[in-house]
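Student: Going down the list, the sequences are from chains A and B.
The first sequence maps to residues 57 to 392 in this note's numbering.
The second sequence maps to residues 57 to 392 in this note's numbering.
There are 2 protein chains.
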Amino acid sequence: MSQSIDIAVIGATGTVGETIVQILEERDFPVGDLHLLASAESAGSSVAYRGKNVRVREVDAFDFNKVKIAFFAAGPAVTRSYAARATAAGCAVIDLSGGLPVEQAPNVVPEVNAPLLARLTKPYQVACPSPAAAALSVVLAPLHALIDVQRISVTACMAVSSLGREGVTELARQTAELLNVRPLEPKVFDRQMAFNVLAQVGTPDAQGHVPLEKRLVAELRELLSLPLIKVGVTCIQVPVFFGDSLSVSVQTSASVDVAAVAAALDAAQGIELVDAGDYPTPVGDAVGQDAVYVGRLRGGIDDACELNFWVTSDNVRKGAALNAVQVAELLIKDVV
Amino acid sequence: MSQSIDIAVIGATGTVGETIVQILEERDFPVGDLHLLASAESAGSSVAYRGKNVRVREVDAFDFNKVKIAFFAAGPAVTRSYAARATAAGCAVIDLSGGLPVEQAPNVVPEVNAPLLARLTKPYQVACPSPAAAALSVVLAPLHALIDVQRISVTACMAVSSLGREGVTELARQTAELLNVRPLEPKVFDRQMAFNVLAQVGTPDAQGHVPLEKRLVAELRELLSLPLIKVGVTCIQVPVFFGDSLSVSVQTSASVDVAAVAAALDAAQGIELVDAGDYPTPVGDAVGQDAVYVGRLRGGIDDACELNFWVTSDNVRKGAALNAVQVAELLIKDVV
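1. Relative to the C-alpha of B:N252, which residue among A:H91, A:N371, A:V294, A:D84 is closest?
2. Can you give the beta carbon distance from B:V195 to B:L279, rounded, assuming they're within the 8 Å contact cut?
3. Which of the residues in the region 344–371 of chain B, read from start to end, lie with their CB under 8 Å from any CB of chain A?
4. Can you give the Cα-Cα distance for A:S102 and B:T75, rounded to whole angstroms?
5. Give, in chain order, every residue of the region 265–283 of chain B whose Cβ lies closer than 8 Å to some Cβ of chain A.
6. Using Cβ-Cβ distances below 7 Å, what residues of the region 136–151 of chain B are close to chain A?
7. Helix, strand or coil, according to DSSP, for A:A64 in the structure here?
8. Helix, strand or coil for A:A255, going by three-state DSSP, please let me know.
9. Fully enclosed by the region 203–263 of chain A, which beta strand (DSSP E) runs are 3 residues long or longer?
10. What did DSSP end up calling B:E97 once you bin it into helix, strand or coil?
11. With DSSP run on the structure shown, which of helix, strand or coil describes B:V134?
12. When the distance is taken between beta carbons, is B:T211 closer than 8 Å to A:T211?
13. Give the single residue among A:A191, A:D246, A:G264, A:P179 whose Cα lies nearest to the Cα of B:T337.
14. At a CB distance below 7 Å, what residues from the region 294–305 of chain A approach chain B? Give them in sequence order.
15. Would you please verify whether the beta carbon of A:K54 is less than 8 Å from any beta carbon of chain B?
16. Is the number of C-beta pairs between the region 285–303 of chain B and the region 297–317 of chain A that are closer than 8 Å three or more?
17. Could you check what DSSP says for B:G155 in three-state terms: helix, strand or coil?
18. On the criterion of 16 or more Cβ atoms from any shown chain inside 10 Å, does B:R106 qualify as buried, or is it exposed?
19. Could you name the residues of the region 240–256 of chain B whose beta carbon sits closer than 7 Å to any beta carbon of chain A, in the order they occur along the chain?
20. Return the residues of the region 106–129 of chain B that lie within a Cβ-Cβ distance of less than 9 Å from chain A, sorted by chain order.
21. Short of 6 Å in beta carbon distance, which residues of its chain neighbour B:P185, apart from the five on each side in sequence? Order them along the chain.
22. If you pair each beta-carbon of the region 152–163 of chain A with each one of the region 81–100 of chain A, do three or more pairs fall below 8 Å?
23. How about B:M57: is its C-beta nearer than 8 Å to some C-beta of chain A?
24. Consult DSSP for B:V164 and reduce its assignment to one of helix, strand or coil.
25. Rounded to whole angstroms, how far is the Cβ of A:L363 from the Cβ of A:V330, which I believe are closer than 8 Å?
26. CB-CB under 8 Å to A:L321, same chain, minus the five flanking residues each way: which ones, in chain order?
27. Less than 7 Å between C-beta atoms, sequence neighbours within five positions excluded: which residues of the same chain meet that for A:L90?
28. Less than 8 Å between CB atoms is the rule here; does B:I63 satisfy it with respect to chain A?
29. Short check: CB of B:L378 to CB of B:I79, under 8 Å?
30. Could you tell me how far apart the beta carbons of B:G393 and B:A232 are, in whole angstroms, since I believe they sit closer than 8 Å?
31. Mark A:R373 as exposed unless 16 or more other C-beta atoms lie within 10 angstroms of its C-beta, in which case mark it buried.
32. Listing by chain order, which chain B residues have their CB less than 7 Å from the CB of A:Q263?
33. Shortest alpha-carbon distance to B:G344 belongs to which of B:T259, B:N371, B:D119?
34. What alpha helix (DSSP H) runs, 4 residues minimum, are completely inside the region 267–328 of chain B?
35. List, in chain order, every chain B residue whose beta-carbon is nearer than 7 Å to that of A:Y335.
36. Which partner residues of B:G88 appear in the DSSP bridge assignment?
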C-alpha cells in the first residue's frame, strides 16, 4: 500500500483510543495525517505516535473532509453527535462505541464476517462489537462446519478496564486502601471491587437483563449469522485490570468430536489454543496480545452433545482497538 | 437439650476447623468436653473457645472412646487414617474432607436431605459436600415442585480460602508484592493469582475435567436425588479471600414462572433472596453469614425454559463448618 490515508481518532485520550494509535504504528498502517480528537475537557493533551507527541484537538471544531477514516472510540453519545458529520464528508466511520444502530453500521470482526464489507456502500459505516462478542465469535466461527450449535451459555468475567481508565484507577486505589487498612470509598463501582466479584454490570431492565448482556447476545447472533441461536449470558465484574475471560458451555445437536474441534481451533486465524492440562489467563497470556486465547477445551462430564471451553483476550486490543484497525486495513483496499 | 456431648474436632487449626469451634460456641451447641486435634506439626498450638484457649493435641494419640461426635476437618488422607478408629469406638463421624466413599458416608445438607439421617445406622458416618454443592443444592431444592430441571450449567468462582489459610496468605502476599512493584513469586498457585482469574482448579483428567468439578456434579445429583440430571461445571479461581460465587443457568422442560420461583426462594430455609436490581457479593453480603445469598434471578433473554441466577455464600461457614454443625445438631437428638 503506497498511498497513505489521513485518519481521525475520536476519543484519542481514552484507553481504547490510545491503543488504536499504538496499533496503527505497530502494524505500520499507512497513516498520512493523524488527527487526534476528544471532547473539550480532554483536548489540549497529547498522545505519542511514532516518537512524536501529537496534540489532541476538540472534535467539535474538526472538519471531517480532512480525513478518509474516522475511528469513534469515545462514548456512544459522541458517536451519535459526530458520525453523521463524518459520513456527510465522505469519511468512513469505524465505531467502537456501540452508538450506531446495527442497520446503519453492521458489526464486523474480520476473522468472522469480513465478506460483509464487500456488500457495504460508501461512505462506509462499520461497528466493532463488544469485546466479549468479538472474542467469542472468533472462537465459534471456525466450529460451524464441525458442530451444530444449539445453545451457548456464557459467564463473562469482565476486567475493570471495560469501564476505561477510571475502572483501572479505582481497582488500584481500592486495593491500596484495603491493604493499608484505610476506609474504602467506592466511586466508579457501586461497592467494593477489590477482592470481590460483582454479579451485575450495568442497570438491569424489568426482566433483570443488563444492556451489556443483551448486546452480547444480539452481536453474537449477528456476527455468526445465527439469528435464532439461544444464548444465555451473565456478565460479572472481576478484580482484574485488563483481559476479559469467558467460561463457555455449548450444546450441540450431535455428539462433539473434541479432537476435531481442537484441530479446527488450532488451524484458525487469530486463535491461540493452549494445550490440554495448561490454561490461559488474562495476566501473562492474553494481555498485550493480538490472539484470542482458548483453553480447557473439553466435552461434558456426562453429555456427548456438550462442549466447554475458556476464552481470554485483551479487551482493549482484540476486543476493540485491534479489531477496528483490522477493519480499517480491509477498508483501505477500497476507500482511497 | 440438657445433656452435653463430648466432641472432637480433627484439623482444629485450619480455617474450617477453627470455624467449627467458633460456630459450636455461637449456636450454643451442648458441648461437654471439647477435644481439639491435629497432625503432629500443628499439635501444641491452641484455639479459643468460650474465652479459654484450648490446647490442640495430636490426633494419632487420641482415644475416640472419649467422644460421641468427631468432626473431620483436615485433609481426606487424615479422615481415611482415623475415621475407622472413631467409628470402631462408636463415635459419630462428620467428614468435611471428602475422604470417605459416598456409600459409607452420604452427603447431607440439612435444608436439602435431612430425612436421610433417619435411615442411617449407628455409629453414624455423614459427609458434608463441597461448599459449592452445599450452596447450590440449598437453592435448587425448593424449586423441585415448581420447575422440572433438565440441565444445570454452572461457573463456580472459588475464593482462595478454598485452599485454606495458605491460599489466603498467598493472595495477600502477591497483591502486596505487585503494588510495591516487587518480583512476584507464586507458591500456592501455579501462577499470578492477584488481579488474575485462573480457569483451572486442580489437575484435569484425560478428558479435561478436574476432580472438584466431577465431585460437584456427583454431589448435586446425590443431594437432589436426581441421578440423571445433566450438570456442566467450570470451577475458576478468583482473587477473592472468602465466599464462593456461582453463576447458574438452569434449563427446564416447561416455561419458568420467575415470580413463583422468587416466592419459593423467599420462603425457603437458609436462603436470602436479594431484591431485583440489587445483587449479593461475597464481600459485604455472604462472608460471615449463615445464609446462602441468591440474586440476579431472571429468565432467559429469549428462552422461556431458562432460569438464571447468582449464588454467593461463605465457603468456610455454610459451605463447610456450619453445615457440619447443623448435621451434628440433628444427630444429637439421637446419638446420645
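Glycine included, C-beta positions come from ideal geometry on N, C-alpha and C.
Model, not experiment: these values are computed from the prediction.
Tutor: Well, looking at it:
1. Here residue 252 of chain B is taken as the residue at index 196 of the second sequence, counted from 1. Scanning A:H91, A:N371, A:V294, A:D84 for the CA closest to the CA of B:N252 turns up A:V294.
2. To locate residue 195 of chain B, count along the second sequence from 1; it is residue 139. To locate residue 279 of chain B, count along the second sequence from 1; it is residue 223. The Cβ separation is near 11 Å, so there is no contact.
3. For the region 344–371 of chain B, the beta-carbon criterion of a distance under 8 Å to any beta-carbon of chain A is satisfied by G351, R352, L353, R354, G355, G356, I357, D358, D359, E362, N364, W366, T368.
4. Translated into the one-based positions of the first sequence, residue 102 of chain A becomes position 46. Translated into the one-based positions of the second sequence, residue 75 of chain B becomes position 19. If I take the Cα positions, the gap works out to 55 Å.
5. Going along the region 265–283 of chain B in chain order, one finds H265, E269, K270, V273 with a Cβ nearer than 8 Å to chain A.
6. Cβ contacts with chain A: none found.
7. Taking the first sequence and counting its residues from 1, the one referred to as residue 64 of chain A is at position 8. Strand, per DSSP.
8. For this step, residue 255 of chain A is matched to residue 199 along the first sequence. Assigned with DSSP and collapsed to three states, A:A255 falls in coil, not helix or strand.
9. Taking only runs of at least 3 residues, the beta strand (DSSP E) segments lying wholly in the region 203–263 of chain A are 205–214.
10. Indexing the second sequence from 1 puts residue 97 of chain B at position 41. It is coil, neither helix nor strand.
11. Here residue 134 of chain B refers to the residue found at position 78 when the second sequence is read from its first residue. Residue state, collapsed to three classes: helix.
12. The residue given as residue 211 of chain A occupies position 155 in the first sequence. The residue given as residue 211 of chain B occupies position 155 in the second sequence. Cβ atoms of A:T211 and B:T211: closer than 8 Å.
13. In the second sequence, counting from the first residue as 1, residue 337 of chain B sits at position 281. In terms of CA proximity to B:T337, A:D246 leads the group A:A191, A:D246, A:G264, A:P179.
14. Under the 7 Å Cβ criterion, the region 294–305 of chain A contributes V294, P295, V296, F297, S301, S303, S305.
15. The requested residue 54 of chain A is not part of the displayed model; chain A covers only 57 to 392.
16. Short answer: they touch.
17. Taking the first residue of the second sequence as 1, we reach residue 155 of chain B at position 99. B:G155 falls in the coil class under three-state DSSP.
18. The residue you call residue 106 of chain B lines up with position 50 of the second sequence. Under this definition B:R106 is an exposed residue.
19. Cβ contacts with chain A: R247, Q248, F251, N252, V253, L254, A255, Q256.
20. Closer than 9 Å at the C-beta level to chain A, one finds no residue of the region 106–129 of chain B.
21. One-based indexing of the second sequence puts residue 185 of chain B at position 129. These residues qualify, in order along the chain: N163, E275.
22. With a cut-off of 8 Å, the region 81–100 of chain A and the region 152–163 of chain A do not count as touching, because too few Cβ pairs lie within range.
23. Counted from its first residue, the second sequence places residue 57 of chain B at position 1. Low local confidence applies: a pLDDT of 46 at B:M57 is under 50, so the model's placement there is unreliable, with the coordinate-based value given in what follows. B:M57 does not count as touching chain A.
24. In the second sequence, counting from the first residue as 1, residue 164 of chain B sits at position 108. In this structure, B:V164 counts as coil in the three-state DSSP scheme.
25. Sequence index remark: in the first sequence, residue 363 of chain A carries index 307 (1-based). Sequence index remark: in the first sequence, residue 330 of chain A carries index 274 (1-based). No, A:L363 and A:V330 are not in contact; Cβ-Cβ is about 16 Å, not under 8 Å.
26. Translated into positions along the first sequence, residue 321 of chain A becomes position 265. Excluding positions up to five away in sequence, the list reads V195, P198, L199, I327, L329, V350, L353.
27. Residue numbering aside, residue 90 of chain A sits at position 34 when the first sequence is read from its first letter. Excluding its 5 nearest sequence neighbours in each direction, A:L90 has C-beta neighbours in its own chain below 7 Å: I63, Y105, V110, listed in chain order.
28. Translated into positions along the second sequence, residue 63 of chain B becomes position 7. No, no contact with chain A.
29. Along the second sequence, one-based indexing puts residue 378 of chain B at 322. Along the second sequence, one-based indexing puts residue 79 of chain B at 23. Between B:L378 and B:I79, the gap from beta carbon to beta carbon is short of 8 Å.
30. A question about residue 393 of chain B goes unanswered here, because the residues of chain B that appear run from 57 up to 392.
31. The sequence position of residue 373 of chain A within the first sequence is 317, counting from 1. Buried is the call here.
32. Sequence index remark: in the first sequence, residue 263 of chain A carries index 207 (1-based). Below the 7 Å Cβ cutoff, chain B contributes R354, G355 as neighbours of A:Q263, in chain order.
33. As a first step, residue 344 of chain B must be located in the second sequence, where it is residue number 288. That would be B:N371, whose Cα lies nearest to the Cα of B:G344.
34. You should have 267–280, 314–323.
35. Counting from 1 along the first sequence, the entry for residue 335 of chain A is found at position 279. Within chain B, the residues near A:Y335 are A255, Q256.
36. Locating residue 88 of chain B in the second sequence gives position 32, where the first residue counts as 1. Note: B:G88 sits in no beta bridge, so no partner.
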